[in-house]
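Numbering (this note's numbering), first residue to last: 19 to 393. Backbone N, C-alpha and C define an ideal beta-carbon position, used for all residues, glycine too. Being a predicted model, the structure only gives us computed values, none of them experimental. Take a look at the structure below.
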Amino acid sequence: MSVKNNLLLLLLVLSPCFLAAQYEIFEHQGENRQYLIHIPDNCPADAPLIVVMHGYTGNATGIRNYSGMNAIADQFGFAVCYPNGTKDNSGNRFFNVGYEFHNNETVDDVDFLIQLTSYLQETYNLSPSKTFSTGLSNGGDMSYKLACEASDHFRAIAPVAGTMMKYIYDDCPATGVPVFEIHGTDDDITYYDGDINNQDGWGAYMSIPDVIEFWKTANSCSVYNSTNMPNINLSDGSVILWESYTGGINDSEVWLYKVQNGGHDWPGAWGNMDINSSLEIWYFFSKFLNPTSSTSQKDINRFFQIAPNPGKDTFSLIGLDHSKEHTYRLFNSSGILIEQGVINQSELHLNKNYTDGLYLLFLENTGYAKILIQN
C-alpha cells in the first residue's frame with residue numbers, strides 16, 4: 019500500500035451536491051466519537067444494522083456519499099451507521115488496525131464499535147443478531163479485525179479493497195464468520211498480492227488469495243464455484259470473476275469478487291461499473307439474517323432458487339410454497355426498482371426485454387435471489 023490521500027473522498031466531501039454531515043456524538047473511553055446514523059422510514063423493529071467505515075484519511079461523510087448505502091437501506095429497510103475514525107499525529111482519520119506508523123496509537127476501535135452498535139441497537143430497536151460490517155480500504159481492514167476479535171457481535175463482514183494485517187492473520191482464531199471481499203487485481207494501494215515484506219511501510223499484510231483461503235478454512239466451506247459476472251459496462255476496462263465457497267458451518271459462505279484490472283475503488287461508485295457494491299453487500303448480508311443454527315434447524319423456505327440462471331425471460335422458482343401468493347420486487351444492478359407484482363405459480367414471467375445483467379429478485383417475507391439475464 020503506497021501512502022496516498024484519498025482525493026476522491028475529499029472531493030465528495032467538498033461537493034455541494036452531496037449531503038452535509040449531521041454528526042451524532044458517542045462518548046467512548048473519555049473521548050467524544052462522531053458518527054452518522056441513517057434510519058429509513060420503512061425500517062421495522064428488529065431491523066439489521068450495517069456499519070460502513072471510511073478509508074485512511076477519509077471520513078464518515080465521504081464514505082456515506084461515496085458508497086450510496088443509504089439508498090439501498092431505503093429500498094430494503096435496514097439501518098446504516100458511518101463512524102468517524104480518530105485522528106493520528108498527521109491529522110488523518112483512521113481506524114486502528116495496527117499500521118506500522120500507528121505503533122504508538124492506543125485507541126481501541128474494536129471496543130468502540132461494539133459499544134456504539136450496542137447503543138444503537140438499544141436506542142433504535144435494532145437486532146443484536148443482525149449487525150454487519152463493511153468498509154473501504156482501512157475500513158475494510160478494520161472489518162477483518164472485527165471478524166477476528168468480535169465475531170460474537172458482528173454476524174458477517176464485506177470488506178472493499180481491504181485486507182488482513184499479518185499480525186491479525188496470525189493471531190485470528192478460526193471462528194466461522196461469513197466474508198465477502200471485493201478487490202481489484204490492479205489495486206495500487208492495497209495490493210492484491212499483499213505486501214508481506216512491508217515494502218511500503220504500512221506493516222506486513224496478506225494477499226487476497228491468502229485471506230480468502232483463511233476464511234474458507236475457518237468456515238469449513240466445502241463447495242467451490244466461479245462465475246463470470248456480466249460485463250455490463252464495456253468502457254470501464256475491467257470485469258468481475260465471482261468466486262464463492264459454500265457449505266460451511268451454519269451455512270456460512272465466503273465470496274470474492276475479483277475485479278480483474280480493477281483499482282482501489284468501490285465498484286458502482288467508481289472504477290468498475292458492472293455492479294453496485296452496496297447492493298451486492300446487502301444481498302450477501304441478507305443471507306445471514308437468521309440467527310446461526312444447525313443445518314437441521316434451518317428454515318428452508320427463507321431463501322429460494324432460480325432456474326435457469328442465467329436465463330432470458332421465464333424463470334422457475336424452486337423451494338417455494340406455490341399455493342400462496344408472493345409479492346415480488348425486481349431490482350436492477352443499481353438497486354432501482356424496475357418491476358413488481360404478485361405471483362402464485364411456479365414460474366416468473368418477465369414481460370419486458372430487459373438488458374443483459376445482474377438483477378435482484380425480492381419476495382416479501384421469503385428472501386432474495388440473484389438473476390442473471392442473458393438475451
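Three-way DSSP call (helix, strand, coil) for L381 in this model = L381 falls in the strand class under three-state DSSP.
query = Going by other Cβ atoms of all chains shown within 10 Å of its Cβ, with 16 needed for buried, is G194 buried or exposed?
reply = The residue is buried, with at least 16 neighbouring Cβ atoms inside 10 Å.
ask   = What runs of the beta strand (DSSP E), each 3 residues or longer, lie entirely inside the region 235 to 270?
value = If one requires a minimum length of 3 residues, the beta strand (DSSP E) runs lying completely within the region 235 to 270 are 241 to 246 and 257 to 264, in chain order.
query = Exposed or buried, which one is N279 when buried takes at least 16 other CB atoms within 10 Å?
reply = Under this definition N279 is an exposed residue.
Nearest-angstrom Cα separation, counted from L348 out to I226 = The C-alpha of L348 is placed about 32 angstroms away from the C-alpha of I226.
Cβ shell of Q133 (< 8 angstroms), same chain only, five flanking positions each side left out = Cβ neighbours of Q133 beyond the five flanking positions: F44 and H46.
query = Using a beta-carbon distance below 8 angstroms, is E42 in contact with chain C?
reply = In summary, chain C is missing from the structure at hand, where a single protein chain is found.
query = Who are the near neighbours of G212 in its chain, counting only those whose CB is closer than 6 angstroms to its CB and skipping five residues on each side?
reply = A distance below 6 angstroms between beta-carbons, with the five flanking residues on each side excluded, links G212 to the following residues of its chain, in chain order: Y223, M224 and S225.
key: Buried/exposed call for N114, threshold 16 Cβ in 10 Å   = Buried, because 16 or more other Cβ atoms sit within 10 Å of the Cβ of N114.
task = Evaluate Y185 with the Cβ neighbour count: other Cβ atoms within 10 Å of its Cβ, from every protein chain shown; 16 or more gives buried, anything less gives exposed.
result = Exposed, because fewer than 16 other Cβ atoms sit within 10 Å of the Cβ of Y185.
key: DSSP state of K316 mapped onto helix, strand, coil   = For K316, the predicted structure reports a pLDDT of 34, less than 50, and the residue's modelled location is therefore unreliable. A value from the coordinates is still provided. Here K316 sits in coil by DSSP.
ask   = Taking the Cβ atom as the reference point for each residue, do N393 and N362 lie within a distance shorter than 8 angstroms?
value = Not in contact: N393 and N362 (Cβ atoms no closer than 8 angstroms).
key: Close-in-space but distant-in-sequence residues of the same chain around H12 (CB under 6 angstroms, 5 per side omitted)   = Since the first residue of the chain shown is 19 and the last is 393, residue 12 is not available in this structure.
message = By the three-class DSSP mapping on this structure, what secondary structure does W220 have?
response = W220 falls in the coil class under three-state DSSP.
message = Quick check on I389: buried or exposed, where buried means 16 or more other Cβ atoms within 10 Å of its Cβ?
response = Buried, by the Cβ-count rule.
key: Host alpha helix (DSSP H) of E357 (start-end)   = It is not in any alpha helix (DSSP H) - E357 instead sits in the beta strand (DSSP E) that spans L355 to I361.
inquiry  = Using C-beta distances below 6 angstroms, list every residue in its chain close to L368, excluding the 5 sequence neighbours before and after it, in chain order.
reply    = Excluding five sequence positions before and after L368, the CB atoms of its chain that fall closer than 6 angstroms to its own CB belong to D331, given in chain order.
message = Does K22 come out as helix, strand or coil in the three-state DSSP assignment?
response = Confidence is the limiting factor: at K22 the pLDDT is only 39, short of 50, which leaves the residue's position unreliable and the question unanswerable from this model.
Three-state secondary structure assigned by DSSP to A387 = Three-state result, A387: strand.
Rounded Cβ spacing between I391 and Y275 (contact assumed at less than 8 angstroms) = Incorrect: roughly 19 angstroms between the Cβ atoms, too far for contact.
query = If you run the structure through DSSP and keep just helix, strand and coil, what is T120?
reply = Per the sequence presented here, residue 120 reads as His, with Thr not at that position. Helix, per DSSP.
inquiry  = Checking the sheet assignment: what are the DSSP bridge partners for G202?
reply    = Paired residue(s): V277.
query = Given that a residue counts as buried once 16 or more other Cβ atoms are within 10 Å of its Cβ, and exposed if not, what is H340?
reply = With fewer than 16 Cβ atoms within 10 Å of its Cβ, H340 is classed as exposed.
query = Nearest to L154 by CA position, among A174, A97 and R82, is which residue?
reply = The shortest C-alpha separation from L154 is found at R82.
inquiry  = Is it buried or exposed, Y242, if we count other Cβ atoms within 10 angstroms and call 16 or more buried?
reply    = Exposed.
task = State yes or no: is the C-beta of Y263 within less than 8 angstroms of the C-beta of V272?
result = The Cβ atoms of Y263 and V272 lie closer than 8 angstroms to each other.
query = Any idea if K342 is buried or exposed, counting beta-carbon neighbours within 10 angstroms, 16 or more meaning buried?
reply = Counting Cβ neighbours within 10 Å, K342 comes out exposed, since fewer than 16 surround it.
request  = Report the residue from N350, N249, F302 and S108 whose alpha carbon sits nearest the alpha carbon of F150.
outcome  = Nearest in C-alpha terms to F150, of all of N350, N249, F302 and S108, is F302.
ask   = Out of curiosity, what's the CA-to-CA distance linking V125 and G103?
value = Cα to Cα, the separation comes out at about 10 angstroms.
key: CA nearest to the CA of A236, picked from I207, P191 and F198   = Per the Cα distances, P191.
request  = Please determine, among P328, W220 and N249, the residue with the shortest C-alpha to C-alpha distance to Y74.
outcome  = Checked all of P328, W220 and N249; the closest Cα to Y74 is W220.
query = Between F112 and N50, which are expected to be in contact by the criterion C-beta below 8 angstroms, what is the C-beta distance as a whole number of angstroms?
reply = Going by Cβ atoms, the distance from F112 to N50 rounds to 17 angstroms, so no, they are not a contact pair.
request  = Return yes when the Cβ of N122 is within less than 8 angstroms of the Cβ of A63, no when it is not.
outcome  = Cβ distance not < 8 angstroms, so A63 and N122 don't count as in contact.
key: Range covered by the beta strand (DSSP E) that runs through S85   = From DSSP, S85 is part of no beta strand (DSSP E) but of the alpha helix (DSSP H) over A78 to S85.
message = Helix, strand or coil for S311? Go by DSSP, reduced to three states.
response = Note that S311 scores a pLDDT of 43, beneath 50, so its modelled location is shaky and nothing firm can be said.
ask   = From this set, E261, Q93 and N246, which residue's C-alpha is nearest K234's C-alpha?
value = Checking every option, the nearest Cα to that of K234 belongs to E261.
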